[in-house]
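Here the structure comes first, spelled out in structure tokens, and everything after it is commentary.
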Amino acid sequence: MKRLLIVALIGCIALAYAGAASAEGFFHRLRVDSLVSDGIALYHSGDYKGSVGKFNDALSLSSDNVEARYDRGLDYYALGDYKAAAEDFRQCLKLQPDFVPALFNLGVTEIALNELDDAKTIFQQIIDAHPSSVRAHFDMGLSAYMSGQTDKAVDQFAVAALLHPQYVQAHYDKALAEYKTGNLVAADTETAAALKLNNAYAKAYFLRGAIRLRQGNNTDAKAAFETAAKLAGDPVLKSLCTQIIAQIGA
Amino acid sequence: MNNDWTSWLPARVARIALVAAVVASIGTTLSQGPVPANASPPAAIELADHALASSPALLADESPYELIDPVGPGGITQKQAVGEVTASTMIGGLYNDNGHFGGGYGQFYFITIPSLGGGLR
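What follows is the structure in structure tokens.
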């Protein structure tokens, strides 16, 4: 009987200990989640430094928390610290290799770092696994365009625009890439598609002006540059338009 | 025998002279003033091409959704984040082949609001 009581007592102590440990784990998790939640709220409000602080606190409690590390990478990117952002996204992938959002964001960060070959490798990896990923095709196009592979860029932007016909930037970028390859007809068609979706797209009017110049249609070129100048929010673009209009003349 | 007339110049002086000549040439071209309509003014084309190739105001546009959204409490779920990457269409701030996840930022992002269009100016 006495032995039975001792066993029961030990059992109770063990259960109490396990319960306490579990409660501790629960409150630990709650604390980490609360910090991550605060960090995300600060990220959305644009307080990226404050947000980094919250994620740092979360990671000090739970260094293998993929979400906190991933979210901190977004903050670093927003702050322009692309190296730190890339490092966080890489760490996420070490902790969770199938976390494709971290891989995608790493690709975007490689573009920002001008590591275009690395970016292309990443986006190709995503395209291979998800052939209809509109974002991967778009960013593959951007990486190709920036590295001077305009033909490849045209193909990728075409896929992005085909998958998502409302994708204004895909149409504009494809038009730009077509212009670079010398295909003025295709460039004109894509510019028209971009302007149909956004008739206040100053850059597209600028591109239309350049196309008209190349076609020898100075009257329409001038009209396009005038519209671009009127719509442009960027003073540099406005000034460029004014200079070109002056060169075209009456 | 080396017939290069610059060979007797120090390399640095030659480079400076070359740059000055190029700048002067561009200046002369640009200062020629208006040309008749339909004459495809080369200066205008050069300016436009140069701007399209190098001006940050005109470079290829980036997606208004550069990065996938934050994940975790207060953000989207990991599954939704994966959906943002893999979806073939985009609606609002989120991506899904079978309709949006809700809570996005609105289809208008991709249509006509320049101030929200991620560089659509």
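For the protein sequence lines, the chains are A and B, in the order given. Read the first sequence against our numbering and you will find it ends at 557, with the numbers running on by one and no gaps. Read the second sequence against our numbering and you will find it ends at 352, with the numbers running on by one and no gaps. Glycine included, C-beta positions come from ideal geometry on N, C-alpha and C. A quick note: this is a predicted structure, and the numbers were derived from the prediction, not measured.
Review point. The alpha helix (DSSP H) with A:N412 in it runs from where to where?
Key: V407 to A419
Point to revise | Same chain only: Cβ atoms within 7 Å of A:I429, ignoring 5 sequence neighbours per side | key: L410, L413, G414 and E417
Check your understanding: For A:G448, which of A:T549, A:Q431 and A:A436 has the nearest alpha-carbon?
Key -> A:Q431
Practice item. Mind the definition here: the region 296-304 of chain B touches the region 375-382 of chain A only if three or more C-beta pairs lie below 8 Å; say whether that holds. Key: yes
Point to revise | Straight-line Cα distance separating A:Y355 from B:D292 | key: 24 Å
Check your understanding: Between A:G346 and A:G357, what straight-line distance do the alpha-carbon atoms span, to the nearest angstrom?
Key -> 7 Å
Check your understanding: Would you say A:G346 touches the ligand ADP, meaning its beta carbon is less than 7 Å from a heavy atom?
Key -> Looking for the ligand ADP in the displayed structure turns up nothing, as the structure carries no ligands at all.
Check your understanding: From this set, A:S454, A:G455 and A:Q476, which residue's C-alpha is nearest A:F464's C-alpha?
Key -> A:Q476
Check your understanding: Using the rule of at least 16 other Cβ atoms within 10 Å of the residue's Cβ for burial, across every protein chain shown, is A:F532 buried or exposed?
Key -> buried
Review point. What are the partner residues of B:V302, as DSSP defines its beta bridges?
Key: B:I307
Review point. Which residues in the same chain as A:F445 place their Cβ atom closer than 6 Å to its Cβ, once the five residues preceding and following it in sequence are excluded?
Key: A467 and A477
Review point. Leaving out the 5 sequence neighbours to the left and right, which residues in its chain are closer than 7 Å to A:S454 when beta-carbon positions are compared?
Key: L423
Practice item. Please report how far the alpha carbon of A:R519 lies from the alpha carbon of A:A528, in whole angstroms. Key: 5 Å
Review point. How about A:V407 and B:V316: are their beta carbons less than 8 Å apart?
Key: yes
Review point. With a CB to CB cut of under 6 Å and the five nearest residues on each side skipped, what residues in its chain are close to A:D395?
Key: R376, R379 and G380
Review point. What residue ranges within the region 485-529 of chain A form continuous beta strand (DSSP E) runs of no fewer than 3 residues, ordered along the chain?
Key: none
**Study point:** Residue from B:Q311, B:Q309, B:A312 and B:L290 with nearest C-alpha to A:L544
**Key:** B:L290
Check your understanding: Counting contacts by CB-CB distance shorter than 8 Å, is A:G318 in contact with chain B?
Key -> no
Practice item. Go through its chain and collect everything with a Cβ distance to A:F362's Cβ below 6 Å, but skip five positions before and after it. Key: G346, A375, D378 and R379
**Study point:** Which listed residue (A:R338, A:G387, A:A530 and A:S352) has its alpha carbon closest to that of A:D364
**Key:** A:R338
Review point. Relative to chain A, which residues along the region 281-293 of chain B have a C-beta separation below 7 Å, given in chain order?
Key: A282, L283, S286, A288, L289, A291, D292 and E293
Check your understanding: What residues in the region 407-430 of chain A bring their beta carbon closer than 7 Å to a beta carbon of chain B?
Key -> V407, P408, F411, N412 and V415
Check your understanding: Between the Cα of A:F513 and the Cα atoms of A:Y389, A:S546 and A:L420, which residue gives the shortest distance?
Key -> A:S546
Point to revise | 4-residue-minimum alpha helix (DSSP H) runs that sit fully inside the region 362-404 of chain A, ordered along the chain | key: 373-385 and 389-402
Review point. Helix, strand or coil for A:E533 per DSSP?
Key: helix
Exercise for review: Enumerate in chain order the residues of its own chain whose CB-to-CB distance from A:Y383 is below 6 Å, with the five nearest sequence positions on each side excluded.
Suggested key: A391 and A392
**Study point:** Distance between B:K310 and A:N505 (C-alpha atoms, nearest Å)
**Key:** 32 Å
Review point. Roughly how many angstroms separate the alpha carbons of A:L538 and A:I551, rounded to a whole number?
Key: 16 Å
Practice item. Please compile the residues from chain B whose C-beta is within a distance smaller than 8 Å of the C-beta of A:L470. Key: S319 and T320
Exercise for review: Select from the region 512-523 of chain A all residues with a C-beta closer than 8 Å to any C-beta belonging to chain D, and list them in chain order.
Suggested key: Structure shown: chain D not included; protein chains present are A and B.
**Study point:** Through-space distance from A:E497 to A:L470, alpha-carbon basis
**Key:** 15 Å
**Study point:** C-alpha gap between A:S367 and A:G318, whole angstroms
**Key:** 34 Å
**Study point:** Pick from A:A535, A:D541, A:I555 and A:P542 that is closest to A:G526, judged by C-alpha positions
**Key:** The sequence given here places Thr at residue 526 of chain A; Gly does not occur at that position. Cα-wise, what sits closest to A:T526 is A:I555.
**Study point:** N- and C-terminal bounds of the alpha helix (DSSP H) containing B:P273
**Key:** P273 to S285
Check your understanding: Of all the residues that make up the region 335-356 of chain A, which are near chain B by a beta-carbon distance shorter than 7 Å?
Key -> D340, V343, S344, I347, A348 and Y350
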